[in-house]
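**Student:** Residue numbers (the working numbering), protein chains in the order written: chain A, -8 to 417; chain B, 175 to 300. Handing you this structure, nothing more for now.
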Amino acid sequence: MVSCWGCRWYINGYIYVHELMNKSDFPIFNNNPDLVYLDNSATTQKPQVVIDSIVDFYQNFNSNVHRGIHKLAEKATIEFENARGNIARFVGAKPEEIIFTSGTTESMNILAQILFEHFKDSKGKKTIMLSEMEHHSNILPWMMLVSKLGWDIEYAKLTEEYELDLECLYDVIKKNDVSILSLTHMSNVLGTINNLGAIFSEVKSISPDIFCIGDGAQYVPHHKIDLSNSKSIDFYAFSGHKMMGPTGIGVLYGKKNLLEKLNPSKVGGGMISTVKRNSFTTAELPEKFEAGTPNIAGAIGLSKAVDYLKRQDTLEIEKHMSELTRFTLDELRNIKELTLYGPPVFEKRGPVFSFSIEGIHPHDIAQILDQDNIAIRAGHHCCQILHRETLKIPASARASLYIYNDIENVKRLSNSIKKLITQFKR
Amino acid sequence: MDLYRQDMIDHYQNPRNYGEIVDADAIIELENSSCGDKIKLFVKLKKDKIDEISFTGEGCAVAIASASKLTEYAKGKDIKQIQKLTTDDLLKIIKVELTISRIKCANLSLQTIKKSINSVDHKQKI
Chain A
-8 MVSCWGCRWY INGYIYVHEL MNKSDFPIFN NNPDLVYLDN SATTQKPQVV
42 IDSIVDFYQN FNSNVHRGIH KLAEKATIEF ENARGNIARF VGAKPEEIIF
92 TSGTTESMNI LAQILFEHFK DSKGKKTIML SEMEHHSNIL PWMMLVSKLG
142 WDIEYAKLTE EYELDLECLY DVIKKNDVSI LSLTHMSNVL GTINNLGAIF
192 SEVKSISPDI FCIGDGAQYV PHHKIDLSNS KSIDFYAFSG HKMMGPTGIG
242 VLYGKKNLLE KLNPSKVGGG MISTVKRNSF TTAELPEKFE AGTPNIAGAI
292 GLSKAVDYLK RQDTLEIEKH MSELTRFTLD ELRNIKELTL YGPPVFEKRG
342 PVFSFSIEGI HPHDIAQILD QDNIAIRAGH HCCQILHRET LKIPASARAS
392 LYIYNDIENV KRLSNSIKKL ITQFKR
Chain B
175 MDLYRQDMID HYQNPRNYGE IVDADAIIEL ENSSCGDKIK LFVKLKKDKI
225 DEISFTGEGC AVAIASASKL TEYAKGKDIK QIQKLTTDDL LKIIKVELTI
275 SRIKCANLSL QTIKKSINSV DHKQKI
C-alpha cells in the first residue's frame, strides 16, 4: 500500500487517513526500516527536529540559565523560558504554573513532598484516594506520604468494563476525610480514559478542599488539554519523552494561587531570593520549585516536540488515532485465543492494548514478536496492583500506538500473534 | 538458534520432573518479581549426590523449560558439581542462546537448585 500525506483509503469498511505525519521525519524508522514500533506507552520515537534542537543547544549556545550576563547565558535563558512558555500554551497554562521536572515520576514525588510540607502540622487522620488502575508513579509517592503522616490510603475500584467505579469513589469521599485525590487521565495498561474535569468537579462539590491531581503521562501525548479551563484540576503531571520529546524532562503543573501558597521541598541554587546565615527567602514562581540547574536541552527539545505536534492537524490526528484504535480492537478481538483488557467501547479508551493468551507467557509473546521486528512490552507495566488484584494475572503483553503507526503495523501485529499461537499449539 | 524451537516448547508444555517430592530434604521457592515467574524445587540427597529432584511452578517458556532440562541434568550428579555451575554452563545444558533480558528467566531454576542443596543439613545426611 502506497503511503501519502492525507490520502484516504478504505479497508474493511473503515476510512483511513494514512500517514498524518511523514515517517521519514523520524530517523529511527529510516535506520530500522522493518521496525514496527508498538511500545509507545513506554516511550515514543523522536523526530529529527527534536534531535537537532538538542544538538543545536550543546553546539551553539550551551550555557547555564538565569543570572548570566554573557551572550551565551542570555541566549540559553531566552530559549529555556521560551520553551516553558510554548509548553504552557500547549496545555493551556500560565508559564509560571509550569515546573520543569525529570518526568511524571519526579513530578509526583515533588508534589507529594510539597504536600507533606503543607500537611505535616495538621491534626487528625486523613485519607489519600487513588484508584486500582494507577501506575506505581502515582501510588508510591502517596504511600510514602501516608506513612509519614499516619494517614490512610484508599483505592477506587474498577467496573467490569475496566472503568473507574465512580459511585465507589464518591462514596469513599463522602464517608472519609479525603484530602488528596490523584487519578490517571488515561491508563497505561487498560487505555481507559477518565474524564478528570468532570470527576474532580463532582468531588469538589462534595468536598471543596480536596487537592485534585491528574497523572497525564499517557493522556497529553494524544489529547488536547486546557488546564486553565479545567478549574477542578489543581495539579497535573506529564512526561516529555512520551510525546516525542527527549527523556529526562517533564512537567508538574500547579494552579498559580496554590503554588504561591505552598513551600518548596527541594532547595538549593536557583530557587532563592536571599540567603542569610540562618534563613532564606524563596524566588518567585516557577523558580521557587526548581532547585539546581534544570534540564535546559530537555526543555528545548520538548518545546520542539510540541511545535511538531502543533504543526499537525489536531482533528486529523484524533481521527486517525480513534480509527486506528477501532481497527486494532477489531483485529485483536478476532483472535479467539486472546484475552483483551480495557473498555470494550473504543470511544472510552486510548490506543493501548494489553492482552494475554492462555498457555503463552507475555514475555514469550514479546520475544517472538521481536523476532518479527515488532516491538511491544510485556510485564506488569508498573501496575502490580491492577494485574494482581483486578486482572488476576501476573503480567500482560501490551501493544501501544502513536501517531506514526498505521494500519499495516496493526496487521503485522495480528498476523504475528496468530502465527505464534500456531507455534505453541499442542 | 531459534529460542522457540519445538524441544523448548515441548519442555514448556510437558515439563520433566514436574511434581512434588513428599519426603524431600529441602523445598525452596524463588520468584522473579518483575515477571511473576515462580519455581518451587524439591530435592532429596543420598550422600553427596542428588537422588531425587522435582519442581512445580509457573512462568514463561524459558523458565519452565530450563527447570525441566536442568532437573534432568542434575539427577544423580554430585552436589559440588551443581554448586559450581555458572550461567554459561546452564545455557549449554539447556542449549539456547538468550538475550540479556531473558537470562534471568533461565537462571531462576539454577538459583533455586543451588539454594535448596545449600539448605540441606549435610551432617545428618552422611
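For every residue, glycine included, the Cβ atom is placed at its ideal position computed from N, Cα and C. From a predicted model like this one, the values you see are computed outputs, not experimental measurements.
Identify the continuous alpha helix (DSSP H) that holds S290/B and give its terminal residues.
**Tutor:** Run containing S290/B: I274 to S293, per the alpha helix (DSSP H) assignment.
**Student:** Which partner residues of D143/A appear in the DSSP bridge assignment?
**Tutor:** Answer is T118/A, bridged to D143/A.
**Student:** At a cut of 8 angstroms, does the region 363 to 375 of chain A reach the region 175 to 187 of chain A through at least three beta carbon pairs?
**Tutor:** The region 363 to 375 of chain A, when compared against the region 175 to 187 of chain A, does touch it at the 8 angstroms Cβ threshold.
**Student:** Could you tell me the distance, in whole angstroms, from the CA atom of L329/A to the CA atom of S347/A?
**Tutor:** Their Cα atoms are separated by approximately 6 angstroms.
**Student:** Report buried or exposed for Y49/A, applying the criterion of at least 16 other Cβ atoms within 10 angstroms of its Cβ.
**Tutor:** So Y49/A ends up on the exposed side.
**Student:** Between D25/A and N364/A, how many whole angstroms is the CB-CB distance? I'm expecting something under 8 angstroms.
**Tutor:** So it is a contact: roughly 5 angstroms between Cβ atoms.
**Student:** Express the C-alpha separation of T118/A and D168/A in angstroms, rounding to a whole number.
**Tutor:** Distance between the alpha carbons of D168/A and T118/A is about 6 angstroms.
**Student:** At the level of alpha carbons, what is the spacing between K218/B and S290/B?
**Tutor:** Answer to the nearest angstrom: the Cα atoms are 10 angstroms apart.
**Student:** Determine the contact status of M262/A and A282/A, defining contact as a CB-CB distance below 9 angstroms.
**Tutor:** In this structure, A282/A lies closer than 9 angstroms to M262/A by Cβ.
**Student:** Could you tell me whether the Cβ atoms of H378/A and A235/B are closer together than 9 angstroms?
**Tutor:** Their beta carbons are not under 9 angstroms apart, which means H378/A does not touch A235/B by this criterion.
**Student:** Since I144/A and I197/A are thought to touch, with beta carbons under 8 angstroms apart, how far apart are those beta carbons, to the nearest angstrom?
**Tutor:** So it is not a contact: roughly 19 angstroms between Cβ atoms.
**Student:** Measure the Cβ-Cβ separation of F52/A and E72/A and say whether it is below 9 angstroms.
**Tutor:** No; because the gap between Cβ atoms is not below 9 angstroms, this pair is not in contact.
**Student:** As an exercise, report each continuous beta strand (DSSP E) stretch of at least 3 residues that is fully enclosed by the region 173 to 261 of chain A, in chain order.
**Tutor:** 202 to 206, 226 to 230 and 241 to 245, all fully within the region 173 to 261 of chain A.
**Student:** Tell me which residues of the region 265 to 284 of chain B have at least one Cβ-Cβ distance to chain A shorter than 8 angstroms, keeping chain order.
**Tutor:** Against chain A - using a Cβ distance shorter than 8 angstroms - the residues of the region 265 to 284 of chain B are T273, R276 and C279.
**Student:** Hey, would you say P255/A sits closer than 9 angstroms to F226/A, going by beta carbons?
**Tutor:** No, these two residues do not count as a Cβ contact at 9 angstroms.
**Student:** Could you check the C-alpha separation between G210/B and K416/A for me, to the nearest Å?
**Tutor:** Cα to Cα, the separation comes out at about 23 angstroms.
**Student:** Please state the DSSP three-state secondary structure of L360/A.
**Tutor:** Note: L360/A maps to helix in three-state DSSP.
**Student:** Are the C-beta atoms of L63/A and some chain B residue less than 9 angstroms apart?
**Tutor:** Cβ-Cβ to chain B under 9 angstroms: no for L63/A.
**Student:** Looking only at DSSP bridge pairs, what is V27/A linked to?
**Tutor:** V27/A pairs with I365/A.
**Student:** Taking 9 angstroms as the threshold (beta carbon to beta carbon), is A386/A in contact with chain B?
**Tutor:** Yes, A386/A lies at the interface with chain B (some Cβ there is under 9 angstroms from its Cβ).
**Student:** Rank L320/A, Y393/A and A189/A by C-alpha distance to the C-alpha of E309/A and give the top, closest one.
**Tutor:** Here the closest residue by C-alpha is Y393/A.
**Student:** Can you tell me whether DSSP reads A388/A as helix, strand or coil?
**Tutor:** Three-state DSSP puts A388/A in a strand.
**Student:** Could you check whether the Cβ of A235/B sits closer than 9 angstroms to any Cβ belonging to chain A?
**Tutor:** Yes, A235/B lies at the interface with chain A (some Cβ there is under 9 angstroms from its Cβ).
**Student:** Under a CB-based cut-off of 9 angstroms, is N406/A close to chain B?
**Tutor:** Output row for N406/A: interface = no.
**Student:** Using a cut-off of 8 angstroms between C-beta atoms, extract the partners of F346/A located in chain B.
**Tutor:** Here the premise fails: no neighbours, minimum Cβ distance about 16 angstroms.
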